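Colleague:
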Amino acid sequence: MLQPSNAQQQHPQTICFYSDSAAPLAILGGSATARGGAEKQIAHLMAALAERGHQIYLLYRVPYTDGWADQNDEHDTYGGDSSRERALAVEGITAIPVAIDWRRPWSLVTLWQKLAHLAPDLIYARLPDDFLWLLALYAKTHKPTRFAFALAHDRFCNPWQSYTYHRWFHNPLYALGLAMA
244 MLQPSNAQQQ HPQTICFYSD SAAPLAILGG SATARGGAEK QIAHLMAALA
294 ERGHQIYLLY RVPYTDGWAD QNDEHDTYGG DSSRERALAV EGITAIPVAI
344 DWRRPWSLVT LWQKLAHLAP DLIYARLPDD FLWLLALYAK THKPTRFAFA
394 LAHDRFCNPW QSYTYHRWFH NPLYALGLAM A
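Residue numbers (the numbering used here): 244 to 424.
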């Protein structure tokens, strides 16, 4: 097992991971079938960094249904309304659901507010998402926060080929996120 360096022990980082679902939590909980490799990489990276003493948060999207999350997923059981929200902790990782939706533009403020409350040193995303641009914009306007986007698949290098549904909407938003990263 790797031991944390003295610098890490003295200055733990606040790292905020972003996911379009709670799949990384399910993986940490033992599920072998929760989505794909990118989610597994997020889960294992979060666990390794938490083990080394860093403060780890997972902001994950939940369906926006009048402020309450969809009850179908066992991890998506908490509402997006911050007054009713409860955070879920798994292996030293604090998971926070975020209910955001393009059909409700005011819901984007929720993501910004959660980031402002956490004040992360690093925001990390691994999958194409309509809201990457917002994560990158937050990092650009809140120094010393940095934003990192890691490509999980070669197809994600070209934003115009990343989404197969509603390409006219999702691909330009993803392209904006890549340009800002």
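Heads up, the beta-carbon is just placed ideally off N, CA and C, and yes, glycines get one too. Note that the structure is a prediction, hence the values are computed from the model and not measured.
Am I right that Gly335 and Leu375 are in contact with their C-beta atoms under 8 angstroms? What's the rounded C-beta distance?
Modeller: By one-based count along the sequence shown, residue 335 stands at place 92. By one-based count along the sequence shown, residue 375 stands at place 132. No, Gly335 and Leu375 are not in contact; Cβ-Cβ is about 26 angstroms, not under 8 angstroms.
Colleague: Determine the burial state of Arg369: buried for a count of at least 16 other Cβ atoms within 10 Å of its Cβ, exposed for fewer.
Modeller: In the sequence shown, counting from the first residue as 1, residue 369 sits at position 126. Arg369 is buried by the Cβ-count criterion.
Colleague: What residue from Leu361, Asp373 and Ile339 has the CA that sits closest to Arg346's CA?
Modeller: Position 103 of the sequence shown, counted from the start, is the residue given in the question as residue 346. Out of Leu361, Asp373 and Ile339, Asp373 has the C-alpha closest to the C-alpha of Arg346.
Colleague: Quick one, are the C-beta atoms of Leu292 and Ser262 less than 9 angstroms apart?
Modeller: As a working note, residue 292 is residue 49 in the sequence shown. As a working note, residue 262 is residue 19 in the sequence shown. It is not a contact, given that the beta carbons lie outside the stated cut-off.
Colleague: Do the CB positions of Gln284 and Ile258 come within less than 9 angstroms of each other?
Modeller: As a first step, residue 284 must be located in the sequence shown, where it is residue number 41. As a first step, residue 258 must be located in the sequence shown, where it is residue number 15. Contact flag unset, no.
Colleague: So is Arg327 buried or exposed if we call it buried at 16+ other beta carbons inside 10 Å?
Modeller: Against the sequence shown, residue 327 aligns to sequence position 84. Because Arg327 sits at a pLDDT of 32, beneath the cut-off of 50, its placement in the model cannot be relied upon, and the following sentence gives the value as read from the coordinates. Arg327 comes out exposed.
Colleague: Among Leu351, Ser274, Gly280 and Pro363, which residue has its Cα nearest to the Cα of Arg304?
Modeller: Taking the sequence shown and counting its residues from 1, the one referred to as residue 304 is at position 61. Arg304 has its Cα closest to that of Leu351, out of Leu351, Ser274, Gly280 and Pro363.
Colleague: Got a sec, what are the start and stop residues for the beta strand (DSSP E) Leu302 sits in?
Modeller: Translated into positions along the sequence shown, residue 302 becomes position 59. It spans Gln298 to Val305 - the beta strand (DSSP E) in which Leu302 sits, taken as one unbroken run.
Colleague: What are the boundary residues of the alpha helix (DSSP H) that Ala198 is part of?
Modeller: Missing from the structure shown is residue 198; the chain here goes from 244 to 424 and no further.
Colleague: Could you give the first and the last residue of the continuous alpha helix (DSSP H) run that contains Leu271?
Modeller: Counted from its first residue, the sequence shown places residue 271 at position 28. Here the alpha helix (DSSP H) through Leu271 covers Ala266 to Leu271.
Colleague: With a CB to CB cut of under 7 angstroms and the five nearest residues on each side skipped, what residues in its chain are close to Leu378?
Modeller: Working through the sequence shown from its first residue, we reach residue 378 at position 135. Excluding positions up to five away in sequence, the list reads Tyr261, Ile366, Ala368 and Phe390.
Colleague: Report the three-state DSSP secondary structure of Ile343 (helix, strand or coil).
Modeller: Locating residue 343 in the sequence shown gives position 100, where the first residue counts as 1. Note: Ile343 maps to coil in three-state DSSP.
Colleague: How would you label Ala422, buried or exposed, when you count the other beta carbons within 10 angstroms and need 16 or more for buried?
Modeller: For this step, residue 422 is matched to residue 179 along the sequence shown. Exposed is the call here.
Colleague: Measure the Cβ-Cβ separation of Ala362 and Leu268 and say whether it is below 9 angstroms.
Modeller: Residue 362 sits at position 119 when you count from the first residue of the sequence shown. Residue 268 sits at position 25 when you count from the first residue of the sequence shown. No, these two residues do not count as a Cβ contact at 9 angstroms.
Colleague: Evaluate Pro340 with the Cβ neighbour count: other Cβ atoms within 10 Å of its Cβ, from every protein chain shown; 16 or more gives buried, anything less gives exposed.
Modeller: Along the sequence shown, one-based indexing puts residue 340 at 97. The residue in question, Pro340, is buried, as its Cβ has 16 or more Cβ neighbours within 10 Å.
Colleague: In angstroms with no decimal places, state the Cα-to-Cα distance between Leu358 and His385.
Modeller: Working through the sequence shown from its first residue, we reach residue 358 at position 115. Working through the sequence shown from its first residue, we reach residue 385 at position 142. About 10 angstroms.
Colleague: If you count every other CB in all the chains shown that lies within 10 Å of the CB of Pro348, and 16 or more means buried, which is it?
Modeller: The residue given as residue 348 occupies position 105 in the sequence shown. Counting Cβ neighbours within 10 Å, Pro348 comes out exposed, since fewer than 16 surround it.
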